[in-house]
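Q:
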Amino acid sequence: MSVLAVWAGRRRREVARTCVLVAALATTSASGQTPSSPLVAFDVERLRLSAAATDSLLVDSGRLLPMGGYRLALLSNYERGILVLKGSDGYSRSLLHYRTSAWLMGAWSPVERLEVSARLPVIISQGGHGAEALIGVSAPSPSGLGTPEVGGRYSLLRREDGAPVSLAVGLDVGLPGGSASAFGRQEHWAGFQFWPRVSLGREVGMFALGVSVGARVRSREAEPGRDVGTELEQGLVVATRGSGLRGELALQVAESLVHPDVAVELLGAVRLPIGHGFEVSALAGRGFTDIPGSPSWRAGVGIAWAHNPPPEDVCQSGRKHTPEQCPGSDDDGDSVPNKADRCPLEAGPPDNEGCPDRDSEGDGVVDRLDRCPNEVGVPDRQGCPEPVSSPVKEERLSLAGRKVAFEVGLSEIQGDGARLLDEIAELLKSRPGVSLRIEGHTDDSGQEQLNRTLSEERAKAVRAYLIRRGIAGSRLEARGYGPSRPVATNDTPEGRSANRRVEFIITN
354 MSVLAVWAGR RRREVARTCV LVAALATTSA SGQTPSSPLV AFDVERLRLS
404 AAATDSLLVD SGRLLPMGGY RLALLSNYER GILVLKGSDG YSRSLLHYRT
454 SAWLMGAWSP VERLEVSARL PVIISQGGHG AEALIGVSAP SPSGLGTPEV
504 GGRYSLLRRE DGAPVSLAVG LDVGLPGGSA SAFGRQEHWA GFQFWPRVSL
554 GREVGMFALG VSVGARVRSR EAEPGRDVGT ELEQGLVVAT RGSGLRGELA
604 LQVAESLVHP DVAVELLGAV RLPIGHGFEV SALAGRGFTD IPGSPSWRAG
654 VGIAWAHNPP PEDVCQSGRK HTPEQCPGSD DDGDSVPNKA DRCPLEAGPP
704 DNEGCPDRDS EGDGVVDRLD RCPNEVGVPD RQGCPEPVSS PVKEERLSLA
754 GRKVAFEVGL SEIQGDGARL LDEIAELLKS RPGVSLRIEG HTDDSGQEQL
804 NRTLSEERAK AVRAYLIRRG IAGSRLEARG YGPSRPVATN DTPEGRSANR
854 RVEFIITN
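Take 354 as the starting number for the sequence shown in this note's numbering and just add one per residue.
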């Protein structure tokens, strides 16, 4: 962070001039000032707490309270080394050595995406070393009110809507009700202050990350030398998530626009729910600069009560969600609920488990109904090709290189062979005057008589299949010739494969 580099370069100079604020806080120069002159007022408090505390106590994240949710909190804060002055004699005085305060805070979300809040700091006790002898300035009042605040935030992006981060813009307004004599308000602008900011957050596993960037806009107080005025503010927090004990670590940085000052404070906090909406918390922090309002250390404890309505049903129409979040919904409108839909974001028929039908070969027949899914066919044949187009060639039915396949050594027809026989049956139905002789052939492997018997059984199996497909038995004759009529040599695997065949001879 750039402001940290700036702070590191200026730290040595700050110690040497920590409170030339001597001149800045006094209304007149020391040489002509009478003892116990009043202090120039400004709000010295730098602690900024989240009233909603959705993800963090210490830094606003981009997540707001849900609509109808509210939170009330009371926090005590003790800090030391808040305002240190250095005089011309070289001695330092803690004009504000310690402060004990209580913060009453509340936040409420009246409508969707909007959150309003209020804070009232009460200075219970504070004190330090008198500065009359040093610079002729009276000590601050021992108690009083801090600057009351009202504010609001508006959500621009929400994680529950599917956004990558939660993002909100906000504005807090400091009201002129604080005690000027207790460093509880600004002298000018009627005591008003403004805190515009942008905050964002995201959940990462068991952690919630938050970033807040904004400004503290207030009147410029004191004389040249150590003015106090508008500052740029940045906050970064890492917090654990869950329903039990949680912890967080935050870095808060403020860079003055009217004086070369950078305030840096590291804070940690823990939170523990104790039931019925109540939560106890504790925080501690350490400042790393001598800037007015930056304590050497601080600590506090608090208690809060929150009420959040039941979470909104993300499965309602129009709400963004994932199919896993809403198993009973039908996100693609195909009458198949998400939990049973293999393709919950693509409409498809129930018969295909909610997935769209595919037609891999583009023949107009979807794959799940296509009897030949790897061949381009026609719808009338359930996606299979038209039967052989040339019925007669040398009195044999041309099969265009296709064969009736059988189990090895058996007469049981395999699936591919069945599809071919279906086509032949359709052909015979379209030509009722054609009769066939079905011839079975084998190669010369094994005993000739066994091969002849096998070839005849295969021819009869083909005839029986065609009869079952509606062809009259009188139109079909089956014969087995074994290895006696080869069409190729039996000396090669290819030749033997060609000889193992069934032929269809047209007999009329």
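From the three backbone atoms N, C-alpha and C, an ideal C-beta is built for every residue, glycine too. Given the structure is predicted, the values throughout are model-derived calculations rather than measurements.
In angstroms, rounded to a whole number, what distance separates the CA positions of Gly-531 and Asp-684?
A: The residue given as residue 531 occupies position 178 in the sequence shown. The residue given as residue 684 occupies position 331 in the sequence shown. Rounded to whole angstroms, Gly-531 to Asp-684 spans 56 Å at the Cα level.
Q: Out of Lys-782, Val-518 and Glu-574, point me to the one whose CA is closest to Phe-536's CA.
A: Working through the sequence shown from its first residue, we reach residue 536 at position 183. Residue Glu-574 is the option with its Cα nearest to Phe-536.
Q: Out of Asp-769, Ala-812, Ala-841 and Ile-820, which has the shortest C-alpha to C-alpha gap to Tyr-834?
A: Counting from one through the sequence shown, the residue named residue 834 turns up at place 481. Comparing Cα-Cα distances from Tyr-834 to each of Asp-769, Ala-812, Ala-841 and Ile-820, the minimum goes to Ala-812.
Q: Whose C-alpha, out of Ser-454, Tyr-423, Asp-413 and Asp-775, is nearest the C-alpha of Glu-432?
A: On the sequence shown, position 79 is the one that residue 432 refers to. Of Ser-454, Tyr-423, Asp-413 and Asp-775, the residue nearest in Cα terms is Ser-454.
Q: Around the Cβ of Ser-798, are there at least 16 other Cβ atoms within 10 angstroms (buried) or fewer (exposed)?
A: Taking the sequence shown and counting its residues from 1, one reaches residue 798 at position 445. With fewer than 16 Cβ atoms within 10 Å of its Cβ, Ser-798 is classed as exposed.
Q: Return helix, strand or coil for Ala-379, following the three-state DSSP convention.
A: For the purposes of this step, residue 379 is taken as residue 26 along the sequence shown, with counting starting at 1. Unreliable positioning characterises Ala-379 in this predicted model, as indicated by a pLDDT of 41, which lies under 50. The coordinate reading is nonetheless provided below. Looking at Ala-379 - three-state DSSP - the assignment turns out to be coil, as it is neither helix nor strand.
Q: If we count Cβ pairs, one from each stretch, closer than 8 Å, do we get three or more for the segment 627-639 versus the segment 670-686?
A: The segment 627-639 is not in contact with the segment 670-686.
Q: Between the alpha carbons of Leu-427 and Val-633, how many angstroms are there, rounded?
A: The residue labelled residue 427 in the question sits at position 74 within the sequence shown. The residue labelled residue 633 in the question sits at position 280 within the sequence shown. Going by the C-alpha atoms only, they are around 10 Å apart.
Q: Compute the Euclidean distance between the alpha carbons of Pro-388 and Arg-599, then round it to the nearest angstrom.
A: Taking the sequence shown and counting its residues from 1, the one referred to as residue 388 is at position 35. Taking the sequence shown and counting its residues from 1, the one referred to as residue 599 is at position 246. Per-residue confidence for Pro-388 stands at a pLDDT of 47, beneath the threshold of 50, marking its modelled position as unreliable; no derived number is given.
Q: Measure the beta-carbon distance from Gly-394 to Gln-546 and round it to whole angstroms, keeping in mind my assumption that it falls under 8 Å.
A: As a working note, residue 394 is residue 41 in the sequence shown. As a working note, residue 546 is residue 193 in the sequence shown. The displayed chain sequence assigns Ala, not Gly, to residue 394. No, Ala-394 and Gln-546 are not in contact; Cβ-Cβ is about 12 Å, not under 8 Å.
Q: Does the distance from the C-beta atom of Ala-659 to that of Gly-630 stay below 9 Å?
A: In the sequence shown, counting from the first residue as 1, residue 659 sits at position 306. In the sequence shown, counting from the first residue as 1, residue 630 sits at position 277. Result yes, Cβ atoms of Ala-659 and Gly-630 sit closer than 9 Å.
Q: Does DSSP put Asn-430 in a helix, a strand or coil?
A: For the purposes of this step, residue 430 is taken as the residue at position 77 of the sequence shown. Strand.
Q: Is it the case that the Cβ atoms of Pro-626 and Gly-422 are separated by a distance below 9 Å?
A: Your numbering for residue 626 matches position 273 in the sequence shown. Your numbering for residue 422 matches position 69 in the sequence shown. Contact flag unset, no.
Q: Around the Cβ of Ser-519, are there at least 16 other Cβ atoms within 10 angstroms (buried) or fewer (exposed)?
A: Position 166 of the sequence shown, counted from the first residue, corresponds to residue 519. It counts as buried.
Q: Taking Trp-456 as the reference, give the member of Glu-586, Val-437 and Gly-497 with the closest Cα.
A: Within the sequence shown, residue 456 is the residue found at index 103, counting from 1. The shortest Cα separation from Trp-456 among Glu-586, Val-437 and Gly-497 belongs to Gly-497.
Q: Tell me whether Val-590 is buried or exposed, calling it buried when 16 or more other Cβ atoms sit within 10 Å of its Cβ.
A: Here the question's residue 590 lines up with position 237 in the sequence shown. Counting Cβ neighbours within 10 Å, Val-590 comes out buried, since at least 16 surround it.
Q: Keeping to the same chain, check which residues put their C-beta closer than 7 Å to that of Gly-814; ignore five residues upstream and five downstream.
A: Against the sequence shown, residue 814 aligns to sequence position 461. One detail in the question is off: residue 814 reads as Ala in this sequence, not Gly. Here the set comprises Ser-764 and Ile-766.
Q: Please identify the residue among Val-526, Pro-836, Ser-850 and Leu-819 whose C-alpha is closest to the C-alpha of Leu-803.
A: The residue given as residue 803 occupies position 450 in the sequence shown. That would be Pro-836, whose Cα lies nearest to the Cα of Leu-803.
Q: Check for me: the beta strand (DSSP E) holding Ile-656 runs from which residue to which?
A: The residue you call residue 656 lines up with position 303 of the sequence shown. 650-660 is the span of the beta strand (DSSP E), which, as asked, contains Ile-656.
Q: Give the secondary structure of Asp-514 by DSSP, where H, G and I count as helix, E and B as strand, and everything else as coil.
A: The sequence position of residue 514 within the sequence shown is 161, counting from 1. The answer is helix: DSSP assigns Asp-514 an H, G or I state.
Q: What residues in its chain sit with their C-beta under 6 Å from that of Asp-544, if we drop five residues either side in the sequence?
A: In the sequence shown, the residue the question calls residue 544 occupies position 191. Looking at the sequence shown, residue 544 is not Asp but Gly. If we look at Gly-544 and ignore the five residues flanking it on each side, its Cβ neighbours are Pro-529 and Arg-538.
Q: Does DSSP put Tyr-834 in a helix, in a strand, or in coil?
A: For the purposes of this step, residue 834 is identified with residue 481 of the sequence shown, where counting begins at 1. In this structure, Tyr-834 counts as coil in the three-state DSSP scheme.
Q: What number of angstroms, rounded off, separates the C-alpha of Asp-304 from the C-alpha of Gly-505?
A: With the chain covering 354 to 861 only, the question about residue 304 has no answer from this structure.
Q: Closest to Tyr-451 by C-alpha separation, out of Thr-842, Pro-419, Gly-646 and Pro-517, would be which residue?
A: For the purposes of this step, residue 451 is identified with residue 98 of the sequence shown, where counting begins at 1. Among Thr-842, Pro-419, Gly-646 and Pro-517, the Cα nearest to that of Tyr-451 belongs to Gly-646.
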